[in-house]
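The structure appears below as structure tokens.
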Amino acid sequence: MIKVQVRSNESLEAALRRFKRQCNYSGIFRLVKAHTWHEKRSDKRRRERRERLRTIQKSTRKNDPNAVRPKHLARRRPARTGPPRS
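Structure follows, in structure tokens:
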């Protein structure tokens with residue numbers, strides 16, 4: 077069970093955002109969505125196999141030092157700290 081206590085000087089919206097984030101991380105939304113409809117056993121096995129393969133491929137890409145990273149995932153350079161440009 078997920079509990080969120082509203083901190084002092086915290087708005088209700090911020091506490092609600094924390095609650096939603098905790099629900100996402102714990103997987104509650106995915107469980108509710110999965111149990112909304114009946115899923116055939118063969119479909120469930122097929123989906124779980126796809127998820128396993130996706131996880132393996134993702135970890136392989138992450139741990140491969142020779143992999144070419146997409147531009148949007150590349151590390152960004154630190155911001156300039158020198159004097160402002162004229």
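Under our numbering, the first residue of the sequence shown is numbered 77, with each subsequent residue one higher.
All C-beta atoms in this analysis are idealised placements derived from N, C-alpha and C, irrespective of residue type, glycine included.
Assuming Val82 contacts Leu88 under a Cβ cut-off of 8 Å, what Cβ separation, rounded to an integer in Å, is found between them? Taking the Cβ atoms as the reference, Val82 lies roughly 7 Å from Leu88, within the contact range of under 8 Å.
Between Ile104 and Asp140, what straight-line distance do the alpha-carbon atoms span, to the nearest angstrom? Their backbone Cα atoms lie some 32 Å apart in a straight line.
* **Inter-residue spacing [alpha-carbon to alpha-carbon] between Met77 and Leu129** => Distance between the alpha carbons of Met77 and Leu129 is about 30 Å.
The alpha helix (DSSP H) spanning Val108 covers which residue range?
Ile104 to Ala110 is the extent of the alpha helix (DSSP H) around Val108.
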